[in-house]
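Chemist: Numbering (this note's numbering), first residue to last: 2 to 167. I have a structure I would like to understand better, so I am pasting it below and will then ask my questions one at a time.
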Amino acid sequence: LEAELASHEPAIQAVQEAGEKLMDVSNLGVPQIEQRLKALNQAWAELKQMAATRGQKLDESLTYQQFLAKVEEEEAWISEKQQLLGVEDYGDTMAAVQGLLKKHDAFETDFQAHSERCKDINEAGKKLVAEGNHHADSIQQRCQQLQSKLDNLAALASRRKAKLVV
Numbered sequence: 002l003e004a005e006l007a008s009h010e011p012a013i014q015a016v017q018e019a020g021e022k023l024m025d026v027s028n029l030g031v032p033q034i035e036q037r038l039k040a041l042n043q044a045w046a047e048l049k050q051m052a053a054t055r056g057q058k059l060d061e062s063l064t065y066q067q068f069l070a071k072v073e074e075e076e077a078w079i080s081e082k083q084q085l086l087g088v089e090d091y092g093d094t095m096a097a098v099q100g101l102l103k104k105h106d107a108f109e110t111d112f113q114a115h116s117e118r119c120k121d122i123n124e125a126g127k128k129l130v131a132e133g134n135h136h137a138d139s140i141q142q143r144c145q146q147l148q149s150k151l152d153n154l155a156a157l158a159s160r161r162k163a164k165l166v167v
């Protein structure tokens, strides 16, 4: 759209120049010509402003969609791990318990990495809100949901580890 507007710029300028020449050459209809040139300039400026605003909103929407993709990726990981942590198998032999503890330790390492990603996502969300992204309400809501889900997963992990250690 911006390229199309730029391609029309010379035509707009040509009309303005023709109108000004017409006013210089003739005294007939000068007020009407001035009025129409003023209306043309105003409409052109409004159109360019609307295109710029639209472009900005499209950029904000793209950034928002990229943000959502990251949030959804982390939420999917959290959901998957919640199901695994909800299993009531705590091992019936010493070897089984040790194997489950080893898996849980690996989960905790993975959890730390994902916690950092979630922290980064929340910071990115706060930055988008501070920059005035027009999806600010949704961004704040998704950040809160992500943190809540992560906190819930941490509580589940803590409970499971306590039951494995006992």
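Note that the Cβ used here is the ideal one computed from N, Cα and C, for glycine as well.
Excluding the 5 residues flanking A70 on each side, which residues of the same chain have their C-beta closer than 8 angstroms to its C-beta?
Modeler: none
Chemist: Which word fits H135, buried or exposed, when buried means at least 16 other C-beta atoms lie within 10 angstroms of its C-beta?
Modeler: exposed
Chemist: Who are the near neighbours of W45 in its chain, counting only those whose CB is closer than 6 angstroms to its CB and skipping five residues on each side?
Modeler: I13
Chemist: Out of curiosity, what's the CA-to-CA distance linking C144 and D152?
Modeler: 12 angstroms
Chemist: How should R37 be labelled, buried or exposed, when 16 other C-beta atoms within 10 angstroms of its C-beta is the threshold for buried?
Modeler: exposed
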